[in-house]
Ligand SMILES: [Fe+2]
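And the structure:
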């Protein structure tokens, strides 16, 4: 790919105006291509293009986003440095809009940052960095509609033959999936992969469509057949391995799920990145809900989370998963300390709409209280915390698949506390969306058995076993 200088205005690969020499802009375009692939070389590439803000302001923009997208508190300092450097150099209009988005994000106004990138994209729809970061922000704030529509507004402006357009289709596939258009999501995602088999975000989009439809056998075959494209050598491996482990859980292959956890999700060599540790928390919690012995994994994970929860709250989706790890490890006092810290945080200042404080107050805090209550056997309290907010779980970010940990916790507590009408309703709702769900059928069998409906309970269990057998065969 090349950049060009036209009438004293340099443009990037997509033809958008950018400050810098043609050589510097070519390096920027290369960094964008690496980010689209989640290629590890994106880190040194970012450091290189951010070396001189006067030479390439978009280098600072790129570095700020790369650090902010980790959601890790220690990375914020790097983003602040980049923002300060941006403030000291001349910027064109597009670069100014990026700086505004970064400053909003740094200010904790996550939704404003997302909206600012939306406005930028109305004018420069092919700014692929704005598109990718915008979609990540939509994901962080759980905005399923904009996950779909942000990309839908821009996609027609891309040259269908351009190599990057495949990656944009991969983004669109994820947005289509999160907003429930599973057939289109699958077709769009597979088309994206035809163009770029190493589009790991596109792989992830297709994986979600299988998860949400209960097509566990298709999902296992898909990931196994393409493991060479996503399984190693990129910065998104952990999360796609996590998805494979979820499939294997549904197939009853617990040992394999644990083996994936140990090899790919969290181990002694893991870097302690929040976005990876939250996958670890969620997987262990699901295994524990299924009655699987997870050994000392919760304890090790809780130790890894501990340094992440002493700072000023930044992104409550992470804090919630830290509570899962601490609670799962039996460190109830530490889990309670995180909950109390979140309570103080919410009370310490006015809750601005669209901020982390708002996400904490509305969902993150009651969800964390629910996890603490679950670990203490207070099932009525779990239901009391989660039931009133289940229609807005998405307001604290993540995907449907990630937030399912809350639905499962609520369902389990409903069963344990004898709230069988509620449990039945939750399980029937799940099975109405994906009738193959082994988890759903086994839950239905438990509820029926508790009600003395033994014949129907056995039928549900037999159906679960038959489905599990089909999934197991796909994994064999
Ligand atoms: Fe996912």
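In the numbering used here, the protein residues as written are 259 to 734.
Each residue gets a CB set at the ideal place from its N, CA and C atoms; glycine is no exception.
(request) Give the secondary structure of residue 574 by DSSP, where H, G and I count as helix, E and B as strand, and everything else as coil. (result) Mapped onto the chain shown, residue 574 falls at position 316. Helix, per DSSP.
(message) Assuming residue 296 is part of the alpha helix (DSSP H), what are its boundary residues?
(response) Residue 296 sits at position 38 when you count from the first residue of the chain shown. No alpha helix (DSSP H) holds residue 296; DSSP gives it neither H nor E.
(request) Compare the beta carbon distance of residue 316 and residue 353 with 8 Å and say whether it is the shorter of the two. (result) Mapped onto the chain shown, residue 316 falls at position 58. Mapped onto the chain shown, residue 353 falls at position 95. Cβ atoms of residue 316 and residue 353: closer than 8 Å.
(message) What does DSSP give as the partner residue(s) for residue 383 in the beta ladder?
(response) For the purposes of this step, residue 383 is taken as residue 125 along the chain shown, with counting starting at 1. None, per the DSSP bridge assignment.
(request) Verify whether the separation of the beta carbon atoms of residue 443 and residue 428 is less than 8 Å. (result) Walking along the chain shown from the start, residue 443 turns up at place 185. Walking along the chain shown from the start, residue 428 turns up at place 170. Not in contact: residue 443 and residue 428 (Cβ atoms no closer than 8 Å).
(message) Considering only the alpha carbon of each residue, which of 709, 691, 611, 705 lies closest to residue 368?
(response) As a working note, residue 368 is residue 110 in the chain shown. The shortest C-alpha separation from residue 368 is found at 611.
(message) Following a CB-centred definition, is residue 497 positioned closer than 7 Å to any heavy atom of ligand 1?
(response) Taking the chain shown and counting its residues from 1, one reaches residue 497 at position 239. Checking every heavy atom of ligand 1 against the Cβ of residue 497, one is found closer than 7 Å.
(request) Could you check what DSSP says for residue 740 in three-state terms: helix, strand or coil? (result) An answer regarding residue 740 cannot be provided, because it is not within the stretch 259 to 734 covered by the chain.
(message) Using DSSP's beta-bridge definition, name the partner residues of residue 275.
(response) For the purposes of this step, residue 275 is identified with residue 17 of the chain shown, where counting begins at 1. According to DSSP, residue 275 bridges with 269.
(request) Can you say whether residue 273 is buried or exposed, counting buried as having 16 or more other CB atoms within 10 angstroms of its CB? (result) For this step, residue 273 is matched to residue 15 along the chain shown. Residue 273 is exposed by the Cβ-count criterion.
(message) residue 513 and residue 696 - do their beta-carbons sit closer together than 8 Å?
(response) Mapped onto the chain shown, residue 696 falls at position 438. Mapped onto the chain shown, residue 513 falls at position 255. The answer is no: Cβ separation not under 8 Å.
(message) Using only CA atoms, which one of 624, 287, 703 lies nearest to residue 421?
(response) Along the chain shown, one-based indexing puts residue 421 at 163. When each option's Cα is compared against that of residue 421, the closest is 287.
(message) Let's test the definition: count the other Cβ atoms within 10 Å of the Cβ of residue 404 and tell me whether it reaches 16, buried, or not, exposed.
(response) For this step, residue 404 is matched to residue 146 along the chain shown. Flag for residue 404 reads buried.
(request) Could you round the C-beta distance between residue 555 and residue 547 to whole angstroms and report it? I think they count as a contact, below 8 Å. (result) Translated into positions along the chain shown, residue 555 becomes position 297. Translated into positions along the chain shown, residue 547 becomes position 289. Wrong, their Cβ atoms sit about 14 Å apart, outside the cutoff.
(request) State buried or exposed for residue 521, treating a residue as buried only when at least 16 other CB atoms are found within 10 Å of its CB. (result) Taking the chain shown and counting its residues from 1, the one referred to as residue 521 is at position 263. Residue 521 should be labelled exposed.
(message) Quick check on DSSP: helix, strand or coil for residue 327?
(response) Mapped onto the chain shown, residue 327 falls at position 69. If DSSP states are grouped into helix, strand and coil, residue 327 belongs with coil.
(request) Count the other C-beta atoms from every protein chain shown that fall within 10 angstroms of the C-beta of residue 262, then say buried if there are 16 or more, exposed otherwise. (result) Residue 262 sits at position 4 when you count from the first residue of the chain shown. The predicted model places residue 262 with a pLDDT of 43, which falls under 50 and marks its position as unreliable; any figure quoted below should be read in that light. Residue 262 should be labelled exposed.
(request) Could you tell me which of 365, 311, 330 sits nearest to residue 344, measuring between CA atoms? (result) Walking along the chain shown from the start, residue 344 turns up at place 86. Comparing Cα positions, the closest option is 311.
(request) Go to residue 654, then tell me how far its alpha helix (DSSP H) extends in each direction, as first and last residue. (result) Here residue 654 refers to the residue found at position 396 of the chain shown. First-last for residue 654: undefined, no H or E at that position.
(message) Tell me the residue span of the alpha helix (DSSP H) that contains residue 475.
(response) Walking along the chain shown from the start, residue 475 turns up at place 217. Where residue 475 is concerned, the enclosing alpha helix (DSSP H) stretches over 474-483.
(request) Please indicate yes or no: does the CB of residue 659 lie closer than 7 Å to some heavy atom of ligand 1? (result) Position 401 of the chain shown, counting from 1, holds the residue named residue 659. Yes, Cβ of residue 659 sits closer than 7 Å to a heavy atom of ligand 1.
(message) My assumption, with CB atoms under 8 Å, is that residue 236 sits in contact with residue 455. Please give the rounded CB distance.
(response) Since the first and last residues shown for the chain are 259 and 734, residue 236 lies out of range.
(request) Pick helix, strand or coil for residue 606, following the three-state DSSP scheme. (result) As a working note, residue 606 is residue 348 in the chain shown. Correct three-state label for residue 606: coil.
(request) Starting from the Cα of residue 663, find the closest Cα among 682, 562, 545, 361 and give me that residue. (result) Counting from one through the chain shown, the residue named residue 663 turns up at place 405. For the residues 682, 562, 545, 361, the minimum Cα distance to residue 663 belongs to 545.
(request) Note down the Cα distance separating residue 713 from residue 704, rounded to an integer number of angstroms. (result) As a first step, residue 713 must be located in the chain shown, where it is residue number 455. As a first step, residue 704 must be located in the chain shown, where it is residue number 446. Near 12 Å, if we compare the C-alpha coordinates of residue 704 and residue 713.
(message) Just to confirm before moving on: does the CB-CB distance between residue 581 and residue 630 stay below 8 Å?
(response) Looking up residue 581 in the chain shown gives position 323. Looking up residue 630 in the chain shown gives position 372. For residue 581 and residue 630, yes; Cβs fall inside 8 Å.
(request) Evaluate residue 300 with the Cβ neighbour count: other Cβ atoms within 10 Å of its Cβ, from every protein chain shown; 16 or more gives buried, anything less gives exposed. (result) Position 42 of the chain shown, counted from the first residue, corresponds to residue 300. Per the 10 Å Cβ criterion, buried.
(message) I believe residue 322 touches residue 307 by the beta-carbon criterion, under 8 Å. Please report the beta-carbon distance rounded to the nearest angstrom.
(response) If you number the chain shown from 1, residue 322 lands on position 64. If you number the chain shown from 1, residue 307 lands on position 49. Actually they are not in contact, since the Cβ atoms of residue 322 and residue 307 sit about 12 Å apart, beyond 8 Å.
(request) Determine the closest residue to residue 493 out of 275, 294, 268, with distance taken between C-alpha atoms. (result) Reading the chain shown from its first residue, position 235 is the one you call residue 493. Taking only the C-alpha atoms, the option nearest residue 493 is 294.
(request) Work out the CA separation of residue 285 and residue 292 for me, nearest whole Å. (result) Counting from 1 along the chain shown, the entry for residue 292 is found at position 34. Counting from 1 along the chain shown, the entry for residue 285 is found at position 27. Answer to the nearest angstrom: the Cα atoms are 11 Å apart.
(request) Tell me whether residue 350 sits in a helix, a strand or coil according to DSSP, three-state version. (result) As a working mapping, residue 350 is identified with position 92 in the chain shown. Note: residue 350 maps to coil in three-state DSSP.
(request) Taking only the alpha-carbon atoms, compute the straight-line gap between residue 479 and residue 616 and give it to the nearest angstrom. (result) Translated into the one-based positions of the chain shown, residue 479 becomes position 221. Translated into the one-based positions of the chain shown, residue 616 becomes position 358. So the alpha carbons of these two residues sit roughly 40 Å apart.
(request) Return the chain-ordered list of same chain residues with a C-beta closer than 6 Å to the C-beta of residue 378, the five sequence neighbours on each side being excluded. (result) As a working mapping, residue 378 is identified with position 120 in the chain shown. Closer than 6 Å at Cβ, skipping near neighbours: 355, 388.
(request) Give a yes or no on whether the C-beta atoms belonging to residue 277 and residue 349 are separated by under 8 Å. (result) Translated into the one-based positions of the chain shown, residue 277 becomes position 19. Translated into the one-based positions of the chain shown, residue 349 becomes position 91. Yes.
(request) Return the residue from the list 305, 330, 335, 340 that minimises the CA-CA distance to residue 318. (result) As a working mapping, residue 318 is identified with position 60 in the chain shown. When only C-alpha atoms are compared, the closest one is 340.
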